[in-house]
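Novice:
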Amino acid sequence: ETGVTQTPRHLVMGMTNKKSLKCEQHLGHNAMYWYKQSAKKPLELMFVYNFKEQTENNSVPSRFSPECPNSSHLFLHLHTLQPEDSALYLCASSRGTAVAEAFFGQGTRLTVV
Amino acid sequence: KQEVTQIPAALSVPEGENLVLNCSFTDSAIYNLQWFRQDPGKGLTSLLLIQSSQREQTSGRLNASLDKSSGRSTLYIAASQPGDSATYLCALREDSSYKLIFGSGTRLLVRP
Numbered sequence: 541e542t543g544v545t546q547t548p549r550h551l552v553m554g555m556t557n558k559k560s561l562k563c564e565q566h567l568g569h570n571a572m573y574w575y576k577q578s579a580k581k582p583l584e585l586m587f588v589y590n591f592k593e594q595t596e597n598n599s600v601p602s603r604f605s606p607e608c609p610n611s612s613h614l615f616l617h618l619h620t621l622q623p624e625d626s627a628l629y630l631c632a633s634s635r636g637t638a639v640a641e642a643f644f645g646q647g648t649r650l651t652v653v
Numbered sequence: 588k589q590e591v592t593q594i595p596a597a598l599s600v601p602e603g604e605n606l607v608l609n610c611s612f613t614d615s616a617i618y619n620l621q622w623f624r625q626d627p628g629k630g631l632t633s634l635l636l637i638q639s640s641q642r643e644q645t646s647g648r649l650n651a652s653l654d655k656s657s658g659r660s661t662l663y664i665a666a667s668q669p670g671d672s673a674t675y676l677c678a679l680r681e682d683s684s685y686k687l688i689f690g691s692g693t694r695l696l697v698r699p
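Respectively, the protein sequence lines represent chains A and B.
Each number in my numbering comes from the position in the first sequence (counting from 1) with 540 added on.
Each number in my numbering comes from the position in the second sequence (counting from 1) with 587 added on.
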């Protein structure tokens, strides 16, 4: 248990659906991240939030929409996804400095049909 | 552009063996480097974090070293056990950005 909780653990959605992924941490961290892990590719950073402000958007398509209402919660809203968006989506958090250790959740396995 | 490489991609060893996993990077201007373990279908578990000013870190049977000048980090696992079987990932921060740049990982199998 890393202290970072993601729900749901598994999600199957159609290309016309709208769904949301949730991430929660109570570690007192100020920075939260979304990463995407596709088969046979290194983890790719999607978004970074620090003190609820988005500090990085790694050229992510607009069908992925992040939301960070407070430092403990991070959402990833999904709409009109493509089958190639199927992947493991990982949330992470750290103290709000570049030298801090990052802690990851268990991930949400997303399948787009 | 920073690139992180982990070789080999897969490794199979008998139980009890000491082993070394390698991580190399192309730009030595890094803030820190972190080693993770990932079990199939699961998230990442942080193993060790080495700041750029440090040469090594130890936790139990694990020892990670960092040589910025040669662009290399190693993860040493002593007396390997079947429970060590997993994918091991290294990731680094190269500046004040929060972005972690990952290698593709080494898939380790420790045979009983």
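Glycine included, each C-beta is placed from N, C-alpha and C at the ideal position.
Bear in mind that the values here come from a model prediction, so they are computed numbers and not experimental data.
Between which two residues does the beta strand (DSSP E) carrying N557(A) extend?
Specialist: Premise fails: N557(A) is in no beta strand (DSSP E) and is neither H nor E.
Novice: I'd like the span of the beta strand (DSSP E) that includes A640(A), first residue to last.
Specialist: Careful: A640(A) lies outside any beta strand (DSSP E) and carries neither H nor E.
Novice: Verify the CB distance criterion: does V639(A) have a CB-CB separation below 8 angstroms to chain B?
Specialist: Output row for V639(A): interface = yes.
Novice: Please identify the residue among A642(A), G645(A) and L628(A) whose C-alpha is closest to the C-alpha of V552(A).
Specialist: Relative to the Cα of V552(A), the nearest Cα in the group A642(A), G645(A) and L628(A) belongs to L628(A).
Novice: For chain B, find out if any of its Cβ atoms is closer than 8 angstroms to the Cβ of Y629(A); answer yes or no.
Specialist: no
Novice: At a cut of 8 angstroms, does the segment 600-610 of chain B reach the segment 652-665 of chain B through at least three beta carbon pairs?
Specialist: yes
Novice: Whose C-beta lies closer than 8 angstroms to the C-beta of G636(A) among residues of the same chain, with five residues either side of it excluded?
Specialist: H569, N570, A571, N590 and F591
Novice: Nearest to A673(B) by CA position, among Y685(B), L679(B), G658(B) and R698(B), is which residue?
Specialist: R698(B)
Novice: Whose C-beta lies closer than 7 angstroms to the C-beta of D671(B) among residues of the same chain, with five residues either side of it excluded?
Specialist: These residues qualify, in order along the chain: I664, L695 and V697.
Novice: Short of 9 angstroms Cβ to Cβ, which residues in the segment 573-588 of chain A face chain B?
Specialist: Y573, Y575, Q577, K580, K581, P582, L583, E584, L585 and V588
Novice: Where does the unbroken beta strand (DSSP E) through R680(B) begin, and where does it stop?
Specialist: A673 to R680
Novice: Drop a sphere of 10 angstroms on the beta-carbon of I617(B), count the other beta-carbons inside from all chains shown, and report buried for 16 or more, exposed for fewer.
Specialist: buried
Novice: Indicate the three-state DSSP secondary structure (helix, strand or coil) for D654(B) in the structure shown.
Specialist: It is a strand residue.
Novice: The ligand FAD heavy atoms versus the CB of K576(A): any closer than 7 angstroms?
Specialist: Absence of the ligand FAD is noted for the structure shown, with no ligands found whatsoever.
Novice: Distance check for T542(A) and S652(B), CA to CA, integer angstroms please.
Specialist: When rounded, the separation of the alpha-carbon atoms in S652(B) and T542(A) is 24 angstroms.
Novice: Please list the terminal residues of the continuous beta strand (DSSP E) segment that includes K576(A).
Specialist: A571 to Q577
Novice: Could you check how far apart the C-beta atoms of F615(A) and P606(A) are, in whole angstroms? I think they sit under 8 angstroms.
Specialist: 7 angstroms
Novice: Per DSSP, what kind of secondary structure is P606(A) in: helix, strand or coil?
Specialist: strand
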